[in-house]
Amino acid sequence: MSLSQLHLQVSQGERTYDLHVTAVDGGHQVEVTGSDANGEQIAELRGTLPKADLALVVQLLTSGAAALGKMPRTGATVEERRQQHRNSHQPWTDEDDQRLKELAAAPGASITGLMEHFGRSRASIEARLPKVGVEPALPLKAPQ
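Here the working numbering is used: position 4 in the sequence shown is -2, and no number is missing along the way.
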């Protein structure tokens, strides 16, 4: 049994990508679109491939992604991140985890307040909360 259409979706952070593949005479119509958290389109790739070449193009994209992963990073270094968040990339201690749990449960707790207290990024705080048994449903800023 062969499929005449395929739709896949993958999300990471605030980005979502969709893959649509439709069988056409002798090949596949392929469309990849990406959107941000607001639903704004940030990427688009479309084209038609001969039926026998779809797997070859997947291999090419996989190899390209692997090669790009070996390229030097252009993002911020750990030292640059620590200028903004003093404990960036430092391991969490048991004491940090206990204090995070206590502070997150306190009235008026907020992500921003926890970021300032622990010297960590929003992503770090939000990722750590479930690990210490706290639902990451805190407001970004404390109520006024």
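In this text, a Cβ means the ideal position worked out from N, Cα and C, and glycines have one as well.
Own chain residues within Cβ distance below 6 Å of residue 15, not counting five before or after: For the purposes of this step, residue 15 is taken as residue 21 along the sequence shown, with counting starting at 1. Answer for residue 15: 0, 22 and 24, listed in chain order.
Determine the closest residue to residue 97 out of 64, 44, 126 and 45, with distance taken between C-alpha atoms. For the purposes of this step, residue 97 is identified with residue 103 of the sequence shown, where counting begins at 1. Considering only alpha carbons, the answer is 126.
Identity of the residue in 59, 114, 49 and 105 nearest residue 85 by Cα: For the purposes of this step, residue 85 is taken as the residue at position 91 of the sequence shown. Residue 85 has its Cα closest to that of 114, out of 59, 114, 49 and 105.
Just the Cα atoms here: how many angstroms apart are residue 54 and residue 117? Sequence index remark: in the sequence shown, residue 54 carries index 60 (1-based). Sequence index remark: in the sequence shown, residue 117 carries index 123 (1-based). Cα to Cα, the separation comes out at about 32 Å.
Can residue 93 and residue 83 be called in contact, C-beta distance under 9 Å? Residue 93 sits at position 99 when you count from the first residue of the sequence shown. Residue 83 sits at position 89 when you count from the first residue of the sequence shown. In this structure, residue 83 does not lie closer than 9 Å to residue 93 by Cβ.
Going straight from the alpha carbon of residue 69 to that of residue 29, what length do you get? As a position in the sequence shown, residue 69 is number 75, starting the count at 1. As a position in the sequence shown, residue 29 is number 35, starting the count at 1. So the alpha carbons of these two residues sit roughly 21 Å apart.
Roughly how many whole angstroms lie between the Cα atoms of residue 132 and residue 99? As a first step, residue 132 is located in the sequence shown; it is residue number 138 there, counting from the start. As a first step, residue 99 is located in the sequence shown; it is residue number 105 there, counting from the start. So the two alpha carbons sit approximately 9 Å from each other.
With distance defined between alpha-carbon atoms, name the residue in 20, 40, 45 and 80 nearest to residue 13. Position 19 of the sequence shown, counted from the first residue, corresponds to residue 13. Nearest C-alpha to residue 13: 40.
Rounded to the nearest angstrom, what separates residue 134 and residue 110 at their Cα positions? Within the sequence shown, the letter at position 140 stands for residue 134. Within the sequence shown, the letter at position 116 stands for residue 110. Approximately 12 Å between the Cα atoms of the pair.
Straight-line Cα distance separating residue 124 from residue 44: Locating residue 44 in the sequence shown gives position 50, counting from the first residue. Locating residue 124 in the sequence shown gives position 130, counting from the first residue. Their Cα atoms are separated by approximately 46 Å.
If you reduce the DSSP assignment to three classes, tell me which class residue 134 lands in. Counting from one through the sequence shown, the residue named residue 134 turns up at place 140. DSSP places residue 134 in coil when its eight states are reduced to three.
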